[in-house]
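**Q**
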Amino acid sequence: SVVADVTTIPLWESTGSSRQLKLWAKLRSYVHDLSPAAASEKVPSYKKLLSFASTMGLVFISEPLLSLVDTSVVGWTQGATSVVQLASMGPATTLIDTLIYMTYFLALGTNNLLSQGLAEERWRDLQQTTSHILAVAAAVGIGLTGFIWFASPWLLQAMAGASATPELLKYAVSYTRIR
Numbered sequence: 056s057v058v059a060d061v062t063t064i065p066l067w068e069s070t071g072s073s074r075q076l077k078l079w080a081k082l083r084s085y086v087h088d089l090s091p092a093a094a095s096e097k098v099p100s101y102k103k104l105l106s107f108a109s110t111m112g113l114v115f116i117s118e119p120l121l122s123l124v125d126t127s128v129v130g131w132t133q134g135a136t137s138v139v140q141l142a143s144m145g146p147a148t149t150l151i152d153t154l155i156y157m158t159y160f161l162a163l164g165t166n167n168l169l170s171q172g173l174a175e176e177r178w179r180d181l182q183q184t185t186s187h188i189l190a191v192a193a194a195v196g197i198g199l200t201g202f203i204w205f206a207s208p209w210l211l212q213a214m215a216g217a218s219a220t221p222e223l224l225k226y227a228v229s230y231t232r233i234r
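Heads up: the sequence shown runs through residues 56 to 234, numbered per my numbering.
#1: Please report how far the alpha carbon of Glu-222 lies from the alpha carbon of Gln-140, in whole angstroms.
#2: Taking buried to mean at least 16 other C-beta atoms within 10 Å of its own C-beta, is Ser-207 buried or exposed?
#3: Run through DSSP, which three-state label would Val-98 get?
#4: Tell me the DSSP secondary structure of Ala-227 in three-state form.
#5: Of the choices Leu-161, Ser-106, Tyr-101, whose alpha-carbon is the least far from that of Ala-193?
#6: Hey, is the segment 210-228 in contact with the segment 143-162, meaning 3+ C-beta pairs nearer than 8 Å?
#7: By DSSP, does Thr-220 sit in helix, in strand, or in coil?
#8: Figure out for me which residue from Asn-166, Val-195, Ile-188, Gly-201 has the closest Cα to the Cα of Ile-233.
#9: Classify Tyr-230: buried if its beta carbon has 16 or more other beta carbons within 10 angstroms, exposed otherwise.
#10: Tyr-156 and Val-114 look like a contact to me (Cβ under 8 Å); what is the Cβ gap, rounded to whole Å?
#11: Should Ala-135 be labelled buried (16 or more other beta-carbon atoms within 10 Å of its own) or exposed?
#12: Beta-carbon within less than 7 Å of Met-214's beta-carbon, same chain only, minus the 5 sequence neighbours each way: which residues are those?
#13: Using 10 angstroms around the beta-carbon of Ser-122, count the other beta-carbons present and answer buried if the total reaches 16, otherwise exposed.
#14: Could you spell out where the alpha helix (DSSP H) holding Ala-135 opens and where it closes?
#15: Which class does Glu-175 belong to by DSSP, given the choice of helix, strand or coil?
#16: Within 10 Å of its beta-carbon, does Ala-92 have 16 or more other beta-carbons around it, so buried, or fewer, so exposed?
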C-alpha cells in the first residue's frame with residue numbers, strides 16, 4: 056500500500072536541501088497519522104464520548120431545572136398565598152433564562168476549544184484558552200448583572216404587560232435580582 060511504502064522509506068535516503076528534508080519529515084508524519092494504527096490510537100472510547108455528551112446535555116437542562124425547582128419551592132413554602140409570587144416568577148424566569156441562553160456560546164466554544172487542545176496535548180494553549188474564557192465569562196457576568204439590576208423593572212413591566220400589578224412587579228424584580 057502507499058502508506059506502507061512512504062513510511063518505510065528511511066528519512067536519510069532522501070537527498071536534497073534541509074528544507075526538502077523537513078518537508079519530507081512532515082509528509083511522513085502526515086501519512087503516518089493516516090495509517091490504520093495511528094487512527095485507532097486517536098479514536099476515543101465510548102466512555103469518553105458519553106462523558107463529553109453528558110456534560111453538554113447538562114449545560115442545556117440546568118436552567119430549566121433550576122426554574123422548576125424555584126417554582127416548586129415558592130409554591131410549597133407560600134401555600135395558598137403564593138398566587139402572586141408564582142405569577143411573578145413567569146416573566147422573571149423568562150427574562151433570566153433568555154439572558155442565560157444568550158451566553159451558551161461560552162460553554163459550547165469553551166468545550167470545543169478545550170477538547171481540541173486535549174486531543175492534541177497542547178498544554179500551554181489549554182492554559183491560555185482557560186484564562187481567556189474565564190476573563191470573558193467574568194466580563195459577561197458583570198455586564199449581565201448590571202443589566203439585570205438596572206433594567207429588570209422596565210423589562211419585566213414590558214413582559215408582563217398591562218395586567219402587571221405593582222405587587223407582581225415587586226416580586227418579579229426581587230426574584231430576578233436574587234437569581
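Glycine included, C-beta positions come from ideal geometry on N, C-alpha and C.
**A** Let me lay it out:
#1: Here residue 222 refers to the residue found at position 167 when the sequence shown is read from its first residue. Here residue 140 refers to the residue found at position 85 when the sequence shown is read from its first residue. Between Glu-222 and Gln-140, the C-alpha separation is close to 9 Å.
#2: Walking along the sequence shown from the start, residue 207 turns up at place 152. Buried, by the Cβ-count rule.
#3: Within the sequence shown, residue 98 is the residue found at index 43, counting from 1. Coil, per DSSP.
#4: Here residue 227 refers to the residue found at position 172 when the sequence shown is read from its first residue. Note: Ala-227 maps to helix in three-state DSSP.
#5: As a first step, residue 193 is located in the sequence shown; it is residue number 138 there, counting from the start. The shortest C-alpha separation from Ala-193 is found at Leu-161.
#6: yes
#7: Your numbering for residue 220 matches position 165 in the sequence shown. Coil.
#8: Residue numbering aside, residue 233 sits at position 178 when the sequence shown is read from its first letter. Comparing Cα positions, the closest option is Gly-201.
#9: Here the question's residue 230 lines up with position 175 in the sequence shown. Answer is buried; the Cβ neighbour count reaches 16.
#10: Mapped onto the sequence shown, residue 156 falls at position 101. Mapped onto the sequence shown, residue 114 falls at position 59. Going by Cβ atoms, the distance from Tyr-156 to Val-114 rounds to 11 Å, so no, they are not a contact pair.
#11: One-based indexing of the sequence shown puts residue 135 at position 80. Classification for Ala-135: exposed.
#12: Translated into positions along the sequence shown, residue 214 becomes position 159. Counting only Cβ-Cβ distances below 7 Å, and skipping sequence neighbours, we find Pro-146, Thr-149, Leu-150.
#13: By 1-based counting over the sequence shown, the position of residue 122 is 67. Burial call: buried.
#14: Numbered from 1 along the sequence shown, position 80 holds the residue referred to as residue 135. Unbroken run through Ala-135: none, as it is neither H nor E.
#15: Here residue 175 corresponds to residue number 120 of the sequence shown, with the count starting at 1. Reduced to three states, the DSSP call for Glu-175 is helix.
#16: As a position in the sequence shown, residue 92 is number 37, starting the count at 1. In this prediction, Ala-92 has a pLDDT of 49, which is less than 50 and means its spatial position is unreliable; what the coordinates show is noted afterwards. It counts as exposed.
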